[in-house]
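The sequence shown begins at 1 in UniProt numbering and counts up one residue at a time.
The C-beta atom is built at its ideal place from N, Cα and C for all residues, glycine as well.
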Amino acid sequence: MWPAEWPRAARDIASATDEAVTAARVPDREAFEEAAEKLRRLDLEQVRAVHSAMVRELLEDLHPDGLTGESVQAVLERCARGTTAWVSDLQVPLLVAVLTGALGLTDPDEENIPRDRFAVARHALLVLADLLSAAKAPAAGYLRRAIGEVARAETVEMP
């Protein structure tokens, strides 16, 4: 499903993300947890970069006239309401961290930034599932563009 020329890590991130988001949209907690666990074994900084790019693009697509604080609040509330019934350990502050982090509104040096990168990645999957449902879109296109964006950024950063 994913381009053969992608590095193994990119294909693994895409596959696990797609599986988890698909399970979250059903919702199927067991399948979600199984797919999310696959991300734990990967570079969580790369996972964060891909998920952040996807969240940004989805927010832009869903709010073409611009994103407001109320828009972000509505996404947060909808996501929390939609997942609280099947995610017993939902942490709203982590949903906030996903949204603010994707928008570049958090300082990585701040003390209140969550340190459990896997928990943040897992909550990012919930935000992505919510946004993809709102956009009535599959994850594949967003994953391809996000991985392309991350790859370009890494190429530019190389000396």
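Quiz item: How would you call M54, buried or exposed, if buried means at least 16 neighbouring beta carbons within 10 angstroms?
Solution: Taking the first residue of the sequence shown as position 1, residue 54 is located at position 54. Burial state of M54 is buried, judged by a 10 Å Cβ sphere holding 16 or more other Cβ atoms.
Please state whether DSSP places P64 in a helix, a strand or coil. Along the sequence shown, one-based indexing puts residue 64 at 64. P64: coil per DSSP, three-state reduction.
If you draw a straight line from the alpha carbon of A151 to that of A49, how long is it in whole angstroms?
The residue labelled residue 151 in the question sits at position 151 within the sequence shown. The residue labelled residue 49 in the question sits at position 49 within the sequence shown. Taking the straight line joining both Cα atoms gives about 10 angstroms.
Item to check | Pairwise C-alpha distance: D65 and V47 | outcome: Working through the sequence shown from its first residue, we reach residue 47 at position 47. Working through the sequence shown from its first residue, we reach residue 65 at position 65. Those two C-alpha atoms are separated by around 28 angstroms.
Next item on the list: Would you please verify whether the beta carbon of S71 is less than 9 angstroms from any beta carbon of chain D?
Entry: Within the model displayed, chain D is absent; a lone protein chain is all it includes.
- Item | Close-in-space but distant-in-sequence residues of the same chain around H63 (CB under 7 angstroms, 5 per side omitted) | As a working mapping, residue 63 is identified with position 63 in the sequence shown. Excluding five sequence positions before and after H63, the CB atoms of its chain that fall closer than 7 angstroms to its own CB belong to S71, given in chain order.
message = Here's the rule I'm using: 16 or more other beta-carbon atoms within 10 Å means buried, otherwise exposed. How should P120 be labelled?
response = For the purposes of this step, residue 120 is taken as residue 120 along the sequence shown, with counting starting at 1. It is Val, not Pro, that sits at residue 120 in the sequence shown. When all chains shown are included, V120 counts as buried.
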